[in-house]
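Take the position in the sequence shown, starting the count at 1, then add 95; the result is the number in the working numbering.
Here the structure comes first, spelled out in structure tokens, and everything after it is commentary.
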Amino acid sequence: MKYLQELKRVFFVLILICTIPVHNIFAQAEQLGVYEKLDTYLPDSLIFTDDNFNKIDLKTAMDKPTVLAMVYYECPGICTPLLNGLAEVVGRSELELGKDYQVFTVSFNHLENSVLAAKKKKTYLKLAGKENNVNGWQFFTGDSIMIQKLLQSIGYYVKQEGKEFVHPATLVVLGKDGKINRYLHGTDFLPFDLKMAVVESAEGRSGPTINKVLQFCFSYDADGKKYVFNTTKISGSIIILAAISFFISLLISGNRKKKINNID
């Protein structure tokens with residue numbers, strides 16, 4: 096019985112290890128990934144150019160719950176699935192875009208301009224079925240100083256490789272006061288998750304991050320520009336669990352034999 100209890104403890108510890116946001120651990124070494132900054136606020140004077148060539152202070156423009164998507168518009172990889180997923184959930188949500196919440200998409204490539212931003216806006220408003228809601232989803236560009244200021248304030252780190260960037264796929268949901276209330280990781284989002292994030296942000300409450308456990312199973316493939324199932328990491332965890340289970344089973348078996356010998 097004692098060894099069975101030990102086995103349960105070991106298994107519980109392994110479960111906890113699997114739920115740790117491993118991508119953040121690796122990010123600390125590589126300066127790549129997301130360091131969540133829940134309950135912190137965006138700084139003042141975040142000046143970006145919108146898709147109509149107007150200079151906008153992002154924090155001042157957050158007069159309602161805001162979903163922030165950090166991308167770069169000529170991204171050949173994960174940005175497209177992210178924006179596709181965002182457009183899909185915006186189209187499916189019962190929340191009213193532009194009234195209940197708004198979406199800001201910001202490029203972290205300072206070489207991109209408002210012309211490109213306007214093209215992307217047209218594409219994704221159409222995909223979401225919101226062609227007439229031009230104020231509900233805005234696309235921004237900015238200079239390198241403002242971009243870094245914004246990225247650091249939300250704990251979002253990218254790595255440039257030539258003309259491309261390696262970066263996470265994450266949405267940040269903020270309140271109308273610029274407070275960070277929720278991170279939504281991945282490229283597929285449920286209407287319920289969006290609604291909860293928006294409602295909590297409207298009330299000034301922060302919520303737990305969604306899909307942290309799933310992130311343990313996936314890693315970003317810089318060559319293929321996509322997230323892939325991390326076979327090595329998962330296989331390693333299974334092997335470790337199997338080895339520990341086998342070791343404990345030997346201990347239990349040995350203990351039983353001792354008891355039988357003592358009876359004899």
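Each residue gets a CB set at the ideal place from its N, CA and C atoms; glycine is no exception.
Since we're looking at a predicted model, the values are computed, not measured.
Item: Can you tell me which of the three DSSP states A164 falls into?; Value: strand
Item: Taking the alpha-carbon positions, what's the I242 to K154 distance?; Value: 13 Å
Item: Is Y315 buried or exposed, if buried means 16 or more other CB atoms sit within 10 Å of its CB?; Value: Low confidence applies to Y315: its pLDDT is 44, below 50, so where it sits in the model is not reliable, and the reading given next is rough at best. Its Cβ being crowded by 16 or more others within 10 Å, Y315 is buried.
Item: To the nearest angstrom, how far is the alpha carbon of G128 from that of A264?; Value: 9 Å
Item: Measuring CB to CB, does F199 end up less than 8 Å from Q255?; Value: no
Item: Starting from the Cα of L141, find the closest Cα among K244, G224, V162, V268 and give me that residue.; Value: K244
Item: Within 10 angstroms of the Cβ of S344, are there 16 or more other Cβ atoms? Answer buried if so, exposed if not.; Value: exposed
Item: Who are I282's beta bridge partners in DSSP?; Value: As written in the sequence, residue 282 is Thr, which differs from the Ile given in the question. For T282, which the question treats as bridged, DSSP gives no partner whatsoever.
Item: May I ask you to check if the CB of N228 is nearer than 7 Å to at least one heavy atom of the ligand ZN?; Value: Here there are no bound small molecules, and the ligand ZN is not part of this structure.
Item: Look up L345 in the DSSP assignment and say whether it is helix, strand or coil.; Value: helix
Item: Going by DSSP, what residues sit across from A197 in a beta bridge?; Value: Before going on, a small fix: residue 197 reads as Gln here, not Ala. T161, per the DSSP bridge assignment.
Item: Within a Cβ cutoff of 7 Å, which residues of the same chain sit near D158, ignoring the five residues on either side of it in sequence?; Value: K271
Item: Since I believe A223 is in contact with V185 (beta carbons under 8 Å), could you give me their beta-carbon distance rounded to a whole number of angstroms?; Value: 4 Å
Item: Measure the alpha-carbon distance for S296 versus V166 and round it to whole angstroms.; Value: 22 Å
Item: Alpha carbon to alpha carbon, how far is L246 from Y252?; Value: 7 Å
Item: How long is the line joining the alpha carbons of L266 and N147, rounded to whole angstroms?; Value: 23 Å
Item: Whole angstroms is fine: what's the gap from K215's alpha carbon to I240's?; Value: 23 Å
Item: Assuming the contact rule is C-beta atoms closer than 8 Å, P160 and V268 should be a hit. Round their C-beta distance to whole Å, please.; Value: 7 Å
Item: Give the DSSP-derived three-state secondary structure of N179 in the structure shown.; Value: helix
Item: Candidates P286, V294, V261: which alpha carbon is nearest I173's?; Value: V261
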